[in-house]
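Single-structure report; data block below.
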Amino acid sequence: MNLGMKEADYENLHFRYFSNPMDFMLFGLFAWRDRADSTPSKATFEKLLTALVAIKVPHYLCQVHREDHTLVEIAHNRLQEIPSDNVINTLTEKKLIGDCVVHLGVELGLSINSIKETIVNNPRNLYDRIHDLLIKWKTCNEPNMVTPTIYRLMMALQRVEAADGLAFVMKTYDVEQNYESSETVARLNPYKEKCNPIQPNDSSTKVRVRVKAGKNVFVHEVAPGIASVAGFTNEEINFTKMGMIALNILADVLYDLLKPDKPHLRPRSDCDITYLYQEHRKLNKHIPTNGWGGMCQAIQVTDISTGDDIERIRHTRNELQHSKEFELGDTRFKELCNILRDLLKRFDTLNKPARLYTDHLHEILAKIISAQEVHSIENEILGMDITVEIENPMTVQP
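Residue numbering for the sequence shown follows full-length UniProt numbering, beginning at 1 and increasing consecutively.
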């Protein structure tokens with residue numbers, strides 16, 4: 001009522017959704033937003049804050065929203081596949097989700113009208129509604145929907161607190177599950193003892209990596225495959241992932257932003273962050289709050305103009321390229337991930353890429369890094385001369 005809803009509308013919503021307070025609140029907020037957006041008086045966070053204060057409800061609108069990315073950080077590549085029909089059917093047949101129709105639909109990325117349609121078409125059976133939402137999501141039958149993946153399903157189940165459903169999906173796709181501090185923490189265990197990639201007396205391929213840095217030459221022999229198994233530290237894997245993000249996604253962002261203003265721009269493959277930054281600076285269209293080429297410390301959290309984000313990209317690239325070691329600690333890695341995640345969301349809205357930058361980010365964070373990828377990124381970021389020689393299969397002695 002403090003949001004300006006008419007009493008008749010409030011009573012109508014309460015009559016429909018009184019049995020589920022979450023659905024009642026969500027539909028109330030959607031109704032307020034849509035009605036306000038169709039009038040000169042727009043829906044704003046300030047108005048929502050005023051309403052929350054009026055009813056003395058604690059709020060966190062002043063804080064930057066940070067998602068729980070535990071599942072992103074450990075997800076295996078196979079979790080980027082589309083879930084099977086059997087998984088979708090089992091979730092509903094065994095009643096593994098619960099009464100969270102509206103919340104689930106929102107987390108799956110369905111429109112509010114599509115969710116309403118599901119409720120109207122399935123008035124009596126809760127799990128018919130759940131199943132209909134999952135099928136709509138899986139078949140991607142709405143415009144601008146992102147690709148449905150096992151990982152996205154797991155994230156949705158985690159957010160609606162469907163513990164049984166999440167446990168089933170994790171078990172189905174071989175994700176080990178632990179519980180810490182009453183929160184579900186997922187960890188993959190793809191390297192069980194029985195499938196150790198290097199076993200005594202087995203045939204194995206050896207990779208010899210020759211690194212030349214100045215006058216020094218280092219030779220390192222490793223087994224190919226997963227970086228952690230090949231002896232790389234978590235810090236080296238962090239650096240590799242951040243390098244992939246910079247060389248691919250961040251460069252794409254600058255290129256896509258520049259192209260409309262520079263029709264004869266050279267091909268993307270010939271453009272790196274340094275060149276693209278210089279071109280943006282010459283164009284001088286998106287001017288940073290503190291001017292071009294400022295210090296990283298000068299950029300405030302509230303500085304979110306396009307120019308500020310261009311500067312953030314430059315600083316990220318410089319931090320990697322000027323690093324004395326091919327390492328990135330967990331704390332700094334997570335800080336950069338949070339900064340770039342927010343930045344990429346803004347550029348998703350601005351550039352409207354065919355493939356969302358945030359989707360590409362999540363894919364890299366979920367990726368299991370190979371030894372070859374570590375060396376490739378090290379070569380590109382630090383400018384080392386690296387050659388990789390792959391020998392024929394040989395016997396590895398115990």
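Each residue gets a CB set at the ideal place from its N, CA and C atoms; glycine is no exception.
Query                                                                                                                             : Result
Which listed residue (373, 159 and 374) has its alpha carbon closest to that of residue 103                                       : 159
For residue 249 and residue 360, the rounded distance between their alpha carbons                                                 : 7 Å
Rounded straight-line distance, which links the Cα of residue 235 to that of residue 326                                          : 8 Å
Opening and closing residue of the alpha helix (DSSP H) in which residue 116 lies                                                 : 112-121
Residue 324 to residue 154 span [Cα, whole Å]                                                                                     : 38 Å
Residue from 318, 97, 108 and 343 whose Cα sits closest to the Cα of residue 294                                                  : 318
Straight-line gap, residue 292 to residue 338 (C-alpha atoms, nearest Å)                                                          : 23 Å
Test item: CB-CB of residue 138 and residue 114 under 9 Å                                                                         : no
DSSP state of residue 269 mapped onto helix, strand, coil                                                                         : helix
Given residue 81 as reference, the closest of 266, 366 and 289 once Cα atoms are compared                                         : 366
C-alpha distance - residue 402 paired with residue 335, whole-angstrom precision                                                  : Outside the displayed range of the chain (1 to 398) lies residue 402, so it cannot be described from this structure.
CA-to-CA distance, residue 174 to residue 108, given in whole angstroms                                                           : 22 Å
Cα-Cα separation, residue 357 to residue 238                                                                                      : 19 Å
Sequence-distant residues of its chain with Cβ nearer than 7 Å to residue 381 (five each side left out)                           : 243, 320 and 321
Presumed contact (8 Å Cβ cut-off) between residue 172 and residue 79, rounded CB distance                                         : 11 Å between Cβ atoms; not a contact.
As assigned by DSSP and simplified to three states, the class of residue 376                                                      : helix
8 Å contact criterion, which residue 254 and residue 265 should meet: CB distance rounded                                         : That belief does not hold up - the Cβ atoms of residue 254 and residue 265 are roughly 11 Å apart, past 8 Å.
Under the three-state DSSP convention, the category residue 106 falls into                                                        : helix
Pairwise C-alpha distance: residue 129 and residue 96                                                                             : 13 Å
Contact test: residue 134 Cβ vs the ligand FMN heavy atom, cutoff 8 Å                                                             : No copy of the ligand FMN appears in this structure; indeed no ligand is present at all.
Cβ-Cβ separation, residue 346 to residue 309 (assumed contact under 8 Å), whole Å                                                 : 6 Å
Own chain, CB closer than 6 Å to residue 344, minus 5 neighbours either side, in chain order                                      : 357, 358 and 361
Completely contained beta strand (DSSP E) runs for the stretch 248-326, where each covers 3 or more residues                      : none
Limits of the unbroken alpha helix (DSSP H) element including residue 89                                                          : 85-93
Beta-carbon contacts of residue 277 that lie in its chain and below 6 Å, excluding the five residues immediately before and after : 314
Cβ-based neighbour list, residue 87, same chain, cut-off 7 Å, excluding 5 preceding and 5 following                               : 169 and 172
Neighbour-count burial assignment, residue 93, 16 or more Cβ in a 10 Å radius                                                     : exposed
Reduced DSSP secondary structure (H/G/I, E/B, other) of residue 162                                                               : coil
Own chain partners of residue 271 with C-beta closer than 6 Å, once the 5 adjacent residues on each side are dropped              : 255
Distance between beta carbons of residue 298 and residue 273, contact taken as under 8 Å                                          : About 19 Å; that fails the 8 Å criterion.
Cβ of residue 123 within 9 Å of any chain B Cβ                                                                                    : The structure shown contains no chain B; it holds only a single protein chain.
Segment limits, alpha helix (DSSP H) that includes residue 236                                                                    : 234-244
Endpoints, alpha helix (DSSP H) assigned at residue 149                                                                           : That residue, residue 149, is in no alpha helix (DSSP H); it is neither H nor E in DSSP.
Closest Cα partner of residue 124 within the set 260, 99, 146 and 140                                                             : 99
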